[in-house]
Amino acid sequence: MTTFYAHRGASTMCPENTMAAFRQALREKADGIEVDVQLSKDGEAVVIHDETVDRTTNGTGAVKDMTVLELKQLDAGSWYNQACAGETLPLLEEVLKWIGRTELKLNIELKTDREPYPGIEQVVIDAVRRHELADRVVLSSFNLETLRRVRDISSSVSIAVLVWDNIDGIVKCARHLGADAIHARPGFMHTAESLRAEAAGLPIRLYTVNEPEDLKGISLQFVDGVFTDSPARLRGKLGVG
Ligand code: G3P
Ligand code: CA
Numbered sequence: 001m002t003t004f005y006a007h008r009g010a011s012t013m014c015p016e017n018t019m020a021a022f023r024q025a026l027r028e029k030a031d032g033i034e035v036d037v038q039l040s041k042d043g044e045a046v047v048i049h050d051e052t053v054d055r056t057t058n059g060t061g062a063v064k065d066m067t068v069l070e071l072k073q074l075d076a077g078s079w080y081n082q083a084c085a086g087e088t089l090p091l092l093e094e095v096l097k098w099i100g101r102t103e104l105k106l107n108i109e110l111k112t113d114r115e116p117y118p119g120i121e122q123v124v125i126d127a128v129r130r131h132e133l134a135d136r137v138v139l140s141s142f143n144l145e146t147l148r149r150v151r152d153i154s155s156s157v158s159i160a161v162l163v164w165d166n167i168d169g170i171v172k173c174a175r176h177l178g179a180d181a182i183h184a185r186p187g188f189m190h191t192a193e194s195l196r197a198e199a200a201g202l203p204i205r206l207y208t209v210n211e212p213e214d215l216k217g218i219s220l221q222f223v224d225g226v227f228t229d230s231p232a233r234l235r236g237k238l239g240v241g
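Under the UniProt record's numbering, the first residue of the sequence shown is numbered 1, with each subsequent residue one higher.
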């Protein structure tokens with residue numbers, strides 16, 4: 001059965017990476033949510049996709065230069081829709097607390113491909129452990145060094161290698177890291193079937209799939225998970241209950 005992750009929450013219906021988007025994902029019967037984390041000036045894991053707050057809040061500046069107090073004063077909803085004004089940037093802590101009250105899975109993407117955020121791996125793993133959610137969480141990153149540090153800290157937490165374009169060589173790399181899955185884009189894969197054979201059982205999850213055509217002809221039966229901005233809509237279009 002393919003796992004449907006709401007990408008940045010149900011981000012078609014609500015402002016991405018906000019509690020409103022996560023609650024909407026639950027209403028849409030997603031199996032899990034995907035969130036992006038960056039580190040604040042005072043070392044807290046904050047849920048936001050970009051390195052700056054400019055696109056998704058009413059503020060400006062880099063996340064790494066702002067404290068939690070400053071970040072929490074920003075409006076993370078009005079850029080999307082005035083009806084969503086008042087949404088704030090969630091801390092990873094808040095999301096984990098909420099996830100604990102649901103049965104959702106959680107994919108935390110560590111956004112270290114542009115900012116190194118020293119120590120982010122420990123911060124995230126500590127938080128996941130505090131909430132006893134390791135069995136429902138997968139940590140992913142485009143940055144292989146980040147994944148290596150995660151694996152050094154914890155031999156048991158699930159990790160996934162994120163691939164932007166060419167998947168050639170990635171299975172070997174994932175195996176070397178002790179990764180548990182590969183998160184790839186359909187257009188850059190040979191076929192899920194051939195990769196799966198090559199991966200010898202390593203799960204493959206595809207991003208971002210909003211329309212059936214986004215699967216590029218890959219059958220869902222070969223895919224362990226998809227990341228979508230619209231879980232209910234995609235399920236409907238694919239005829240998956
Ligand atoms: O984890 C899959 C996907 O979220 C990676 O790309 O830019 O949407 O974070 P992006
Ligand atoms: Ca992401």
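Each residue gets a CB set at the ideal place from its N, CA and C atoms; glycine is no exception.
Asparagine 81 to proline 15 span [Cα, whole Å] = Roughly 8 angstroms separates the two Cα atoms.
ask   = Between leucine 106 and valine 137, is the Cβ-Cβ spacing less than 8 angstroms?
value = Taking 8 angstroms as the cut-off, the beta carbon of leucine 106 is found closer than this to the beta carbon of valine 137.
query = What is the rounded straight-line gap between the Cα of glycine 217 and the Cα of isoleucine 120?
reply = Using only the alpha carbons, I get a separation of about 37 angstroms.
query = Does the Cβ of methionine 1 have 16 or more other Cβ atoms within 10 Å, making it buried, or fewer, making it exposed?
reply = Here methionine 1 is exposed, its C-beta having fewer than 16 other C-beta atoms within 10 Å.
ask   = How far does the beta strand (DSSP E) with glutamine 221 in it reach, from first residue to last?
value = Note, glutamine 221: premise wrong, no beta strand (DSSP E); not H, not E.
ask   = Does any heavy atom of ligand 2 sit closer than 7 angstroms to the C-beta of glutamate 109?
value = Indeed, a heavy atom of ligand 2 lies less than 7 angstroms from the Cβ.
key: Reduced DSSP category for residue 266 - H, G, I as helix; E, B as strand; rest coil   = The structure shown has nothing for residue 266, since the chain only spans 1 to 241.
inquiry  = Considering Cα atoms alone, identify which of Val46, Leu133, Ala127 and Ile170 is closest to lysine 111.
reply    = It is Val46 whose Cα lies nearest to the Cα of lysine 111.
inquiry  = Just verifying my parser: in three-state terms, what is the DSSP assignment at isoleucine 167?
reply    = In the structure shown, isoleucine 167 sits in coil (DSSP, three-state: anything other than H, G, I, E or B).
ask   = Helix or strand or just coil, what does DSSP make of alanine 21?
value = In the structure shown, alanine 21 sits in a helix (DSSP, three-state: H, G or I).
task = Pair every Cβ in the stretch 45-59 with every Cβ in the stretch 147-162, then say whether three or more of these pairs are closer than 8 angstroms.
result = By the Cβ criterion, the stretch 45-59 is not in contact with the stretch 147-162, since fewer than three pairs of Cβ atoms, one from each stretch, lie closer than 8 angstroms.
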